[in-house]
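Our numbering applies: residue 0 is where the sequence shown begins, and numbers increase by one.
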Amino acid sequence: MDEVRERMLEMVNKAESSEQPLSWFENLYRYSNRDRGQIPWDWEEPHPFLIEWSNENEASGTALVVGSGLGEDASFLWERGWKVTAFDISEEAVEWARHLHQGADIDWVVGDLLNPRQGWLGKFDLVLEVHILQAIPEEIMKRAFTNLAPMLASGGKLVCIGRLADESGIQESGPPWPLTWDFLNQIGEGLEEVEKHSSTIPGKEGKRYRAVWKNA
Ligand SMILES: C[S@@+](CC[C@H](N)C(=O)[O-])C[C@H]1O[C@@H](n2cnc3c(N)ncnc32)[C@H](O)[C@@H]1O
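Right, here's the structure in full:
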């Protein structure tokens, strides 16, 4: 196991036995001292599945980027003409992203998917979640995902991207904890299914999914 992952797992384990199981995100961002090499999920570019989706769907409007990390996906959507709000539970991630993407007119917010702002309900033409649900423990994640769909405006799309679980049913020790289609189907309950895509990405481990639903 590489050093960066080992350190992350130490932080995860410590946080899990505390009152604040998600506090390790803030700790990891702060520990990194703004060295992107210390952030295990940072690809330093927008997710290829988001680029592909955007190329195939000429759309714009209001977008909410959930768990925006270092802001590559938020910045990409802004460049494509979206009016973007991006939030993350980590204050340091939000400040760092704001600094990295100074030229982008994005509303960067510190926020928690478990307790989203009331003003966001029913407001967004696009809600984007990349690698968040798979990074949080199951019992918390099950409360978190139910908050995604309610933030969609009428006709809005929910796009979720992440690691797909191995069909063998073998549980990987996470994070990340890859998700199954059975679980992913629950996210879209009450919405119209638009797309369920999965494939590998050159140079990246494991199979990935992109699931898209519409608030019809
Ligand atoms: C695995 S990282 C992915 C970051 C980014 N989306 C990316 O793809 O690079 C998960 C992100 O979700 C954030 N996060 C975790 N729990 C959250 C929550 N409850 N509300 C908002 N953000 C959360 C973390 O701080 C972290 O930035």
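All C-beta atoms, glycine included, are put in the ideal place defined by N, C-alpha and C. On a predicted model such as this, the values are computed, not experimentally measured, just so you know.
Asked                                                                                                                         : Found
Rounded distance between the beta-carbons of Asp-165 and Pro-177, thought under 8 Å                                           : 7 Å
Contact check, Ile-88 vs Asp-106, beta carbons under 8 Å                                                                      : no
Start and end residues, beta strand (DSSP E) containing Phe-157                                                               : Just to set this straight, residue 157 is Leu in the shown sequence, not Phe. 151 to 162 is the extent of the beta strand (DSSP E) around Leu-157.
For His-100, the three-state DSSP class (helix, strand or coil)                                                               : coil
Buried/exposed call for Glu-18, threshold 16 Cβ in 10 Å                                                                       : exposed
Per DSSP, the bridge partner or partners of Ser-197                                                                           : Tyr-208
Top-ranked residue by Cα proximity to Ala-73, from Lys-156, Phe-24, Val-129                                                   : Val-129
Close beta carbons around Val-109, own chain, < 8 Å, minus the five adjacent residues each side                               : Phe-86, Asp-87, Ile-88, Ser-89, Glu-90, Val-93
Spatial neighbours of Gly-173 in its chain, beta-carbon cut-off 6 Å, leaving aside the 5 residues before and after            : none
Heavy atom of ligand 1 within 7 Å of Phe-24 beta-carbon                                                                       : yes
Stretch-stretch touch, CB-based, cutoff 8 Å, three pairs: the region 119 to 139 with the region 155 to 163                    : yes
Local Cβ density within 10 Å of Gly-36, reported as buried at 16 or more and exposed below that                               : exposed
Three-state class that DSSP yields for Glu-78 in the structure shown                                                          : helix
Residue nearest to Gln-101 in terms of C-alpha spacing, selected from Asp-41, Gly-121, Glu-78, Leu-120                        : Glu-78
At least 3 beta-carbon pairs within less than 8 Å: the region 138 to 147 vs the region 189 to 202                             : no
Buried versus exposed, by CB contacts within 10 Å (16 or more), Ala-96                                                        : buried
Cβ neighbour criterion (16 or more within 10 Å) applied to Lys-141                                                            : exposed
Beta-carbon contacts of Lys-206 that lie in its chain and below 6 Å, excluding the five residues immediately before and after : Leu-163, Ser-197, Thr-199
Check: Asp-87 C-beta below 7 Å from any heavy atom of ligand 1                                                                : yes
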